[in-house]
Amino acid sequence: MATTEQDTSTTEAPAADAPVFTLELTQDQKDIRDWVHGFAADVLRPAAHEWDEKEATPWPIIEEAAKIGLYSFDGLAQFFGDPTGLTMPIVNEELFWGDAGLGMAIMGTGLAVAAIAGQGTGEQMGEWIPRCFGTAGDLKVAAFCASEPNAGSDVSNVRTTAKYDEATDEWVLNGQKAWATNGGISDVHVIIASVDPTLGSRGHAGFIVPMSEAKGIEQGAKVSKHGLRASHTADVHLDDCRIPAGYVLGGKEKLDERIARVREGKKSKSQAAMQTFEASRPTVGSQAIGIARAAYEYALDYAKEREQFGKKIIENQAIAFALADMKVEIDAARLLVWRASWMGRTGQKFENAEGSMSKLKAGEVATWATERAMHILGGNGYTREYPVERWHRDAKIYTIFEGTSEIQRMVIARAISGMQIR
Ligand SMILES: Cc1cc2nc3c(=O)[nH]c(=O)nc-3n(C[C@H](O)[C@H](O)[C@H](O)COP(=O)(O)OP(=O)(O)OC[C@H]3O[C@@H](n4cnc5c(N)ncnc54)[C@H](O)[C@@H]3O)c2cc1C
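Residue numbers 208 to 629, in our numbering, belong to the letters of the sequence shown in order.
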């Protein structure tokens with residue numbers, strides 16, 4: 208349609224200082240990317256197979272990451288501080304390109320940190336976030352425990368309770384948490400518990416339970432997994448576990464006010480919480496992209512070397528087109544992740560569940576691309592002599608945790624339709 212004079216008069220000219228759209232990384236972003244890539248290539252890649260086989264927490268690797276500031280409160284604050292929002296996904300992609308199990312051993316603490324940063328008071332952040340990481344010589348990890356045996360996708364079904372004991376000014380927690388990354392080996396555990404089970408998820412709150420102080424919290428069964436095996440996953444049991452009243456995230460006064468509002472039938476801030484959740488999903492998506500890219504690069508090199516029928520296998524369109532599709536899908540997923548990260552960091556409203564879109568696409572691409580890569584390696588792809596089968600095992604979790612693909616589709620479908628899709 209031609210632009211009329213009237214049309215242009217209603218179009219606001221961009222302000223002189225308006226940010227220019229660009230996908231070119233800043234020098235800072237490039238430097239951080241290269242620094243993390245170096246660590247991933249030199250430290251994670253060579254150690255990946257060993258820790259996958261051991262299926263144990265790789266403390267020496269976490270220590271290496273801490274030594275260079277990659278595993279630290281300051282590091283995380285710097286990555287998150289980038290006003291464009293891109294540094295966080297860039298760091299995660301590079302780290303998980305190195306290895307996903309080891310990457311999660313380093314980044315798993317970030318889940319608890321995100322909960323404390325998102326829901327805690329300034330004072331709680333100052334005290335507890337550094338404690339999630341510990342100190343040089345006494346490193347710690349942290350755990351975020353929402354899931355339960357009967358509350359996975361349906362988080363509203365959380366049965367762990369937190370009852371306030373007025374006589375001692377303490378919370379008393381009881382219940383069982385399932386699948387907790389770093390569960391039981393952490394000092395700081397953020398436990399999602401219900402203060403009023405009749406209110407569903409609107410009666411939930413986050414509680415800080417430090418293993419070093421609280422009695423009645425212990426690790427349950429450690430889970431033996433298909434992938435991400437260097438990352439510890441376990442149940443956590445809470446049995447009359449007592450913590451001071453002030454250990455509820457956001458403070459007791461604020462929680463009491465919120466619960467009173469909900470009981471009066473007023474709107475709670477569940478929408479705001481949903482927005483926070485949406486904002487964390489792109490980071491998880493970028494981890495999946497790191498795995499997918501590792502597999503794609505490996506398969507590309509392999510296809511250019513391997514000869515059958517007297518020519519390189521990549522000279523067959525069937526192989527070359529598969530690699531072309533992998534590249535397109537990985538780049539498309541990254542763009543969705545970067546968009547959502549930028550939106551989250553700059554406070555844009557996720558009108559169409561853009562955070563979920565990015566996680567859905569990245570998880571599905573990683574699962575698909577690693578399977579393609581395994582296929583391109585033929586029999587070698589199926590053996591533990593080559594890393595591709597590990598990447599395939601690692602990738603699958605990205606369609607399951609932090610909301611399965613079906614749950615992401617449900618969130619997107621609800622956002623675009625405004626209807627209660629079930
Ligand atoms: C390695 C690993 C690490 C984890 N780390 C943590 C952690 O640190 N903290 C934490 O709290 N949790 C963690 N989890 C738990 C994870 O978030 C849950 O496994 C996930 O949310 C799925 O829940 P579920 O396993 O109970 O599956 P279910 O909810 O039982 O789902 C089973 C299947 O049913 C489908 N489904 C369910 N509801 C619907 C629906 N309405 N419509 C269509 N399909 C549906 C699901 O998509 C899935 O395919 C982790 C899990 C794993 C495996």
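Every residue gets a Cβ at the ideal spot worked out from N, C-alpha and C, and that includes glycine.
A distance of 8 Å or more separates the beta carbons of V402 and G413. Between the C-alpha atoms of N587 and R621 there is a straight-line separation of about 43 Å. DSSP places F528 inside the alpha helix (DSSP H), whose first and last residues are Q524 to R552.
Bounds of the alpha helix (DSSP H) holding N299 are T294 to G305. CA-to-CA, the gap between Y454 and P489 works out to about 29 Å. Relative to the non-hydrogen atoms of ligand 1, the Cβ of I619 never comes closer than 7 Å to any of them. Collapsing the DSSP output to three states places G625 in coil.
DSSP, read as helix, strand or coil, puts N389 in coil.
One alpha carbon belongs to A531, the other to K568, and they sit about 17 Å apart. Relative to ligand 1, even the nearest heavy atom lies 7 Å or more away from the CB of C448. The stretch 260-269 makes contact with the stretch 308-318; the number of CB pairs closer than 8 Å reaches 3 or more. Taking 7 Å as the cut-off, the C-beta of R552 does not count as close to any heavy atom of ligand 1. If you compare the alpha carbons of W549, G282 and G585 with that of I521, the shortest gap goes to G585. DSSP links N381 through a beta bridge to T368. The nearest non-hydrogen atom of ligand 1 is 7 Å or more from the C-beta of K603. A contact between stretches requires three or more CB pairs, one per stretch, nearer than 8 Å, and the stretch 361-376 fails this requirement with the stretch 324-341.
In the DSSP annotation of this structure, L251 is not part of any beta strand (DSSP E), being labelled neither H nor E.
If you check the CB distance, G434 and D601 come in under 8 Å.
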